[in-house]
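Peer 1:
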Amino acid sequence: MADWVGSCDRVLEVDLSRRTTRVFPVSTEDRRRYLGGKGLALRFFAERIDPGLDPLGPDNVMAVFAGVVVASGAPCSARFSAVTKSPLTGLTASSSCGGPFGIALKTAGYEGIILTGRCAEPTLLEIDETGVRFLDAAYLWGRDTQETQEALKLGTKDGALVIGPAGENLVLFANIASGHRFLGRGGFGAVLGSKKLKAIVARSGTARYVPADPQGFEKTCRRATAYIHRNPFTGNLYRNAGTASHVDLCNAGGILPIRNFQDGCDPHAPQISGWTMRERFGAKPSTCRPCTILCGHKGTFSDQKIRQLPEYETVGLLGTNLGLFDAELVAVWNEQCGRLGLDTISCGGVLAYVMEASEKGLIPSPLRFGSPQGVSEAIEAIAFRQGLGDDMAQGVRRLSEKYGGTSFAMHVKGLELPAYDPRGSWGQGLAYAVANRGGCHLSATLFPLEVFLGFLKPRTPKAKAHFVRFFESLYAGINSLPTCLFTTYAYLLEAPIARWTPKPILAWTMQNLPAVAVRLMDLRVFTRLFETMYGVSLSPAEFLRAGDRIVVLERLLNVMEGVSRKEDTLPERILTEARPCDAADSGSKRTLWRRLARLGCPEPAPSAAPPPLLALDPMLDAYYALRGYTRNGIPMKKTLRRLKVSMPTHGGFAAVPDRAVLNPLVIRVFFMLLGRALQSASRMDDVFRRELASWPEGFTVLFKVLPFGPRMALRVDGRKRLRYLGDTLSEREADLTIGFKNMETAARMLTARLSTVDGFAQNRLSVVGDLAAAMQLTRLLDRIQSLLYPEWIAKRVVKRVSPMPMAEKLWKRAWLYLLGIPLGV
Ligand code: SF4
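According to the working numbering, the sequence shown holds residues 123 to 947 in order.
1. Note down, in chain order, each residue of its chain lying with its Cβ closer than 7 Å to the Cβ of residue 359, except the 5 sequence neighbours on either side.
2. Measure the beta-carbon distance from residue 201 to residue 220 and round it to whole angstroms, keeping in mind my assumption that it falls under 8 Å.
3. Would you decide whether residue 837 is buried or exposed? Buried here means 16 or more other CB atoms lie within 10 Å of its CB.
4. So residue 417 and residue 365 are in contact, right, with Cβ under 8 Å, and what is the actual spacing, rounded?
5. Between 743, 674, 736 and 695, which lies nearest to residue 764 when the distance is taken from Cα to Cα?
6. Three-state secondary structure (DSSP) at residue 193?
7. Report the residue ranges of all beta strand (DSSP E) runs contained in full by the segment 793 to 845; include only those spanning at least 3 residues, in chain order.
8. Using alpha carbons as the reference points, say which of 871, 522 and 474 lies closest to residue 442.
9. Three-state secondary structure (DSSP) at residue 588?
10. Pairing CB atoms from the segment 345 to 353 with CB atoms from the segment 636 to 653, are three or more of them under 8 Å?
11. Can you tell me where the alpha helix (DSSP H) holding residue 625 begins and where it ends?
12. Go to residue 928, then tell me how far its alpha helix (DSSP H) extends in each direction, as first and last residue.
13. Looking only at C-alpha atoms, which of 665, 292 and 375 sits nearest to residue 315?
14. Run through the segment 355 to 435 for me and flag every whole alpha helix (DSSP H) of 4 or more residues, listed as ranges in chain order.
15. Buried or exposed, going by whether 16 or more other CB atoms sit within 10 Å of the CB of residue 548?
16. What distance in whole Å lies between the Cβ atoms of residue 541 and residue 379, which are believed to be in contact at a cut-off of 8 Å?
17. In whole angstroms, what is the alpha-carbon distance linking residue 375 and residue 317?
18. Using the Cα positions of residue 270 and residue 488, report the straight-line distance between them to the nearest angstrom.
19. Hey, quick one: how far does the alpha helix (DSSP H) through residue 147 stretch, first residue to last?
20. Say the cut is 7 Å; is the CB of residue 220 nearer than that to a heavy atom of the ligand SF4?
21. I'd like the list of long-range same chain contacts for residue 670, defined as Cβ closer than 7 Å, with 5 residues on each side in sequence excluded.
22. Along the chain, where does the alpha helix (DSSP H) containing residue 523 start, and where does it finish?
23. Per DSSP, what kind of secondary structure is residue 475 in: helix, strand or coil?
24. Return the Cβ separation of residue 835 and residue 823 in integer angstroms, given the expectation that the two are a contact with Cβ distance under 8 Å.
25. If we ignore side chains and look at the alpha-carbon of each, how far apart do residue 373 and residue 550 end up?
26. What does the alpha-carbon distance come out to for the pair residue 168 and residue 945?
27. For residue 218 and residue 157, I'd like the C-alpha separation in whole angstroms.
28. Using 8 Å for Cβ pairs, my map puts residue 164 next to residue 672. What's the rounded Cβ distance?
29. Pull up the DSSP beta-bridge partners for residue 489, would you.
30. Please output, in chain order, the residues near the ligand FAD using a CB cut-off of less than 5 Å to any non-hydrogen atom of the ligand.
31. Classify residue 330 as buried or exposed, calling it buried when 16 or more other Cβ atoms lie within 10 Å of its own Cβ.
32. If you measure between the beta carbons of residue 449 and residue 402, is that distance less than 8 Å?
33. Mark residue 932 as exposed unless 16 or more other C-beta atoms lie within 10 angstroms of its C-beta, in which case mark it buried.
34. Rank 860, 862, 833 and 821 by C-alpha distance to the C-alpha of residue 843 and give the top, closest one.
35. Check residue 597 in the structure and name its three-state DSSP category.
36. Would residue 370 and residue 702 qualify as a contact pair, given that the criterion is a beta-carbon distance under 8 Å?
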């Protein structure tokens, strides 16, 4: 048995293609900067991927990490996080899950696991203290998530990650299951399916995790538990009625999605709320373990089957957003999605889009708002990609691009919108617009402050950017401990100055002095859990700074995929359409208030006019300024320096990106310098003369940055010398084309940060034409680098520095720099 203080700091990397593994340590510096969980997963993911890679190809990477708080016994400490490139959005996706896998992985002796490559056949990966086994999973392929977990014969402390048919069939919003919890949003299941990995089993081992400061840790846990018990959300609402208790609050606040976000409240909504489900089906805890809040429940349904009671997002997207208010139906579809491995938010978003598109005559489908007819069949068809289900499996964005109706395609950056309508919660709208993984309610939650607690006015841009930035960084930090985000309800306002300040004063401060208000938030429970468990100090400021770093690194990865301000937006419907529930005295609103009045809610005074449309631009400007981004949403160099975020590159973190170097103009200048240097060297260097002797007159070589970047060409003349042609040659005219994968690759190679050999080895360079000539050209490039650079630089990028007498080297270098490059001789 091994006792570790906080973490074993061991990361397991598995190459599925080669069936090899390696274990490496987490450095103290990485731990301080990225904490664990999401942060470390992102950090190791970032250095292993290249922009533009296919999320369903073998090059995609998935990193799954636990953290310092996992397996410590702290309240709500069963979480673990995963990061990959999403096939749904084409951007970085992260997810947090409360299943048993995280604790099992840690007790098997690993902090995290990184998956690269792809298996040839369906495979089951089994991890335990003795190592890793690649097992045949043909017998599991085709089984749903529950059957698969049963077939794996898991011990009580083992944990597994499994996919269902949706993941196997590469549905772009397929989930991964762990117990009855999921790594959701963005298609984690499809990524595992593309790697032909049906399941990863972590067999619990004997590793034990002890706190660095047992007394301090015990005291912090007691404090955390007391806060959770006395908070009305964590100690009452969620514990008794689950997150589906949001239905009543969102309905009253006008942010409950109704019929594909066509309205924001409905008088029938209370039929489907958490409290109603508790009354109808009973509610026994069915939660992540360990958990002190206990938000998950099971109930007994009319067919006497015991099912998980659906959470709020599922109720909203598979219920009210389809115009349906039958909790029993939603629970059955929730179970069906879970077994098939489908994300309920995206699935509900897709169904709602198809219902509206079909009502508008854009798609031939029997699905209609308010009718359960065909819903279950459609869910099945999505998972198995049959008929229209094949298109539905691609998500709302691609559906709307194919069939039309982009104005009511409810997604951000390709990720379907969660169940809070931003027209009644503008801060939540900003959070959706800038969330790195797309339409996400868990990157920052402002709806509780705007709608549930009344601390912020919901329909004003004022102060929202401060709180979005604060919650983004806080949540990134919490997901890197990791612990449950719901604990924020309990811990945040416990500082005496916030706890004892009268609510109206606190609300005024939040609305008018947000920079002061965020400093009143108490983060010490989070930081003390880390400090006392791991034995490394972490101040609240450092904790938030780590969160900042994680958010900005994630943004940087998205920027490298082409994301900028124009992608930070909301669906057209949200920005341009008012809803019936916004009308001052709409019939639906009057009926709603009458019904809510019967439940004891006071009826508000009628407003004179409908509220204004959501003003996104001023909030974006303020948010970018706070984050240290340009007005176009790109992290500024000084921001990256401040946070010590470096440009992620394949094989390591390189220097902070110099945007000027990435500028096509600068690449053109470098191409010109290289072209002239090659031309000049071919006139006076023996190695050049020997290599070029075999090239025919008129042979042309083209260097280009793919796909449409700068280019430079050279031609062999009658005296077997190279002639620099500038950028006039097309690819069709070239005998040999060397393609740089992207601007970043070209910048690194042209500035001697990546060798030609490594460029080919890492698939960053492509060759079209004669391979023998390409080899000769590689030797010429090595030679010119030996001539141009001092030996200490040349050694880094050239396989073998050409031996040359010093005098010869000096006059040739002088010739190149003084005559060859400036004058082209
Ligand atoms: S509160 Fe809910 S989501 Fe959070 S750890 Fe507990 S059961 Fe899991």
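The C-beta atom is built at its ideal place from N, Cα and C for all residues, glycine as well. From a predicted model like this one, the values you see are computed outputs, not experimental measurements.
Peer 2: Concretely, from the data shown:
1. 367
2. 5 Å
3. buried
4. 6 Å
5. 674
6. coil
7. 822 to 827 and 833 to 838
8. 474
9. helix
10. yes
11. 625 to 634
12. 928 to 937
13. 292
14. 360 to 363, 368 to 375 and 396 to 403
15. buried
16. 5 Å
17. 44 Å
18. 33 Å
19. Not the alpha helix (DSSP H): residue 147 falls in the beta strand (DSSP E), residues 142 to 147.
20. yes
21. 595 and 765
22. 518 to 525
23. helix
24. 7 Å
25. 16 Å
26. 42 Å
27. 15 Å
28. 6 Å
29. Paired residue(s): none; residue 489 is not in a bridge.
30. Inclusion of the ligand FAD in the displayed structure is not the case, the ligand content consisting of the ligand SF4 alone.
31. exposed
32. yes
33. exposed
34. 821
35. helix
36. no
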